[in-house]
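J.:
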Amino acid sequence: MPVTKNEVADAIYAKLGLTKKRCTEVTELILDLMKERLIDGETVKISGFGNFVVNQKKSRVGRNPQTGEEIEISARKVVTFAPSQVLKERLNGG
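Residue 36 in numbering that gives the first Met the number 0 sits at position 37 of the sequence shown, and the numbers go up by one each step.
1) T26: buried (16+ other C-beta within 10 angstroms of its C-beta) or exposed?
2) Measuring only the C-alpha atoms, how far is I29 from C22?
3) Taking buried to mean at least 16 other C-beta atoms within 10 Å of its own C-beta, is A74 buried or exposed?
4) If you run the structure through DSSP and keep just helix, strand and coil, what is E24?
5) Is N63 helix, strand or coil by DSSP?
6) What does the alpha-carbon distance come out to for the pair T18 and L32?
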């Protein structure tokens, strides 16, 4: 089950005891900052967690799987996540 913004705000509330409204604002500020940096093409590095990196994909020829017709897939930017070594170790029981 995915983690929601509300769950993040609730975890901040439980740990820090700020008001729920303030915890929601903090969560939104963090996510907005991350979005702004990614839109600017910057990498978002979170120590002990991982990196969010913007990559440029070139245009390419693909196929419509239903008709087999060739179509051009336009160039675009994508965000990829690379987990830190710490997170990898924890995921694998280390």
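C-beta atoms are modelled at their ideal positions from N, C-alpha and C, and glycine is treated no differently.
T.: Taking the geometry as given:
1) Position 27 of the sequence shown, counted from the start, is the residue given in the question as residue 26. When all chains shown are included, T26 counts as buried.
2) Within the sequence shown, residue 29 is the residue found at index 30, counting from 1. Within the sequence shown, residue 22 is the residue found at index 23, counting from 1. Those two C-alpha atoms are separated by around 11 Å.
3) For the purposes of this step, residue 74 is taken as the residue at position 75 of the sequence shown. Result: exposed.
4) Along the sequence shown, one-based indexing puts residue 24 at 25. DSSP places E24 in helix when its eight states are reduced to three.
5) To locate residue 63, count along the sequence shown from 1; it is residue 64. Here N63 sits in coil by DSSP.
6) In the sequence shown, residue 18 corresponds to position 19, counting from 1. In the sequence shown, residue 32 corresponds to position 33, counting from 1. One C-alpha to the other measures close to 21 Å.
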